[in-house]
Amino acid sequence: MNATSRWQVSLVMPAYNEEAGIAVSVREAHAAISQYCDNFEILVVDDGSRDATAATVLDLADDLPEVRLIQLPGNQGYGAALRTGFEAALFDRVAFTDADAQFDLADLGRLLSLSNQAPIVVGYRVDRQDPWRRRFFSWGYNRLIRLLLGTHVRDVDCALKVFDRNTLMRILPQARNFFVNTEMLSMAQKLGIRVLESGVRHRHRRHGTSKVSLSDIPKTLAKLLPFWYRERICPYFSLSSPSIPR
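According to the working numbering, the stretch in the sequence shown is residues 4 to 249, in order.
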C-alpha cells in the first residue's frame with residue numbers, strides 16, 4: 004500500500020456546458036485516482052448547463068459507481084458550484100479540479116502525499132498552456148493579491164488543490180464567482196492554517212471552450228477591493244484606534 008492509498012478522497016469537479024469533454028475528464032480522473040486511493044468519489048457539480056453535461060455524467064455513473072452528479076438549479080457561478088460540492092463531500096480529503104482536463108491528475112497523488120504535512124496543499128502550473136493574455140492577467144492578479152492580501156501563493160487560481168475536510172469547513176467560500184480561490188486562501192492565512200505548494204503539469208484544453216473571459220476581470224476586482232478593505236484595512240484601524248474610556 005502506498006502513502007496515499009489510505010486516504011479516502013472526494014474530488015469535486017464543477018462543470019458548465021462541458022458535454023464535449025466531460026466524459027474524458029471524468030474517466031481520466033477515475034483512472035488516476037484509482038491508482039492511489041482505495042475509497043474515493045468524484046462529485047460532478049453541474050452548474051445549470053444547457054447542454055448534455057448532466058446526461059453524460061449520469062451515463063458515466065452507470066459504469067463508474069464512484070461518480071456522483073449534483074445539479075444546481077440554474078447557473079449560479081463557479082464558486083457556488085465548488086461550495087455545493089465541498090458541502091456534499093463524504094471523505095476526509097477533499098480535492099477539486101476543473102472539468103476541462105487541463106490537469107494531469109496523476110499529480111494529485113503527490114498533493115495527497117503532501118497533505119500529511121499540511122491541511123491545505125495547492126498546485127501551481129508548470130509551463131502553463133493557456134493563451135498569453137490569460138497568463139499575463141493571471142501573473143498580474145497573483146502579484147496584486149500578494150500586495151493587497153499578503154497571500155504568498157504562486158498560483159492562486161490553480162484548479163488543483165487538496166484540503167483536509169475539517170479545515171475546509173472553516174474556510175468555505177461565500178463568493179459565487181472566480182474570486183473563490185482568493186477568498187479561501189486569504190481566510191486560511193488569516194486563521195494561521197499552513198499551506199504547502201507543489202508544481203503540477205498543465206495541458207491545452209482539448210474540448211469545449213473556457214468559461215473565463217475578459218468580463219470576469221472587473222467582476223473579480225469588484226469582489227477583491229471590498230474584501231481587501233474589510234479584511235485588511237478595517238482591522239488595522241480597529242487595532243490602531245485608541246480605546247474610548249467608559
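The beta-carbon is built from N, C-alpha and C at its ideal position, and this holds for glycine as well.
- Taking every protein chain shown into account, the CB of residue 236 has fewer than 16 other CB atoms within 10 angstroms, so this residue is exposed.
- Taking a contact to require three or more Cβ pairs closer than 8 angstroms, the region 139-159 and the region 179-199 qualify as touching.
- Residue state for residue 162 is assigned as coil, using DSSP reduced to three classes.
- From the listed residues 196, 81, 188, the smallest Cα separation to residue 222 is found for 81.
- The region 134-145 makes no contact with the region 64-73; the number of CB pairs closer than 8 angstroms stays below 3.
- Per DSSP, reduced to three states, the secondary structure at residue 201 is strand.
- Here the alpha carbon of residue 33 sits roughly 19 angstroms from the alpha carbon of residue 85.
- Secondary structure note for residue 127: its beta strand (DSSP E) is the uninterrupted segment 123-129.
- Scanning 175, 141, 172, 229 for the CA closest to the CA of residue 161 turns up 141.
- The beta carbon of residue 200 lies closer than 7 angstroms to those of 125, 127, 156, 157 in the same chain, with the five residues before and after it left out.
- In this structure, DSSP gives residue 28 a helical state, which the three-state scheme calls helix.
- The beta carbon of residue 36 lies closer than 6 angstroms to those of 43 in the same chain, with the five residues before and after it left out.
- Residue 172 counts as exposed, since fewer than 16 other C-beta atoms from the protein chains shown sit within 10 angstroms of its C-beta.
- Taken atom to atom, the span from the alpha-carbon of residue 49 to that of residue 20 is near 8 angstroms.
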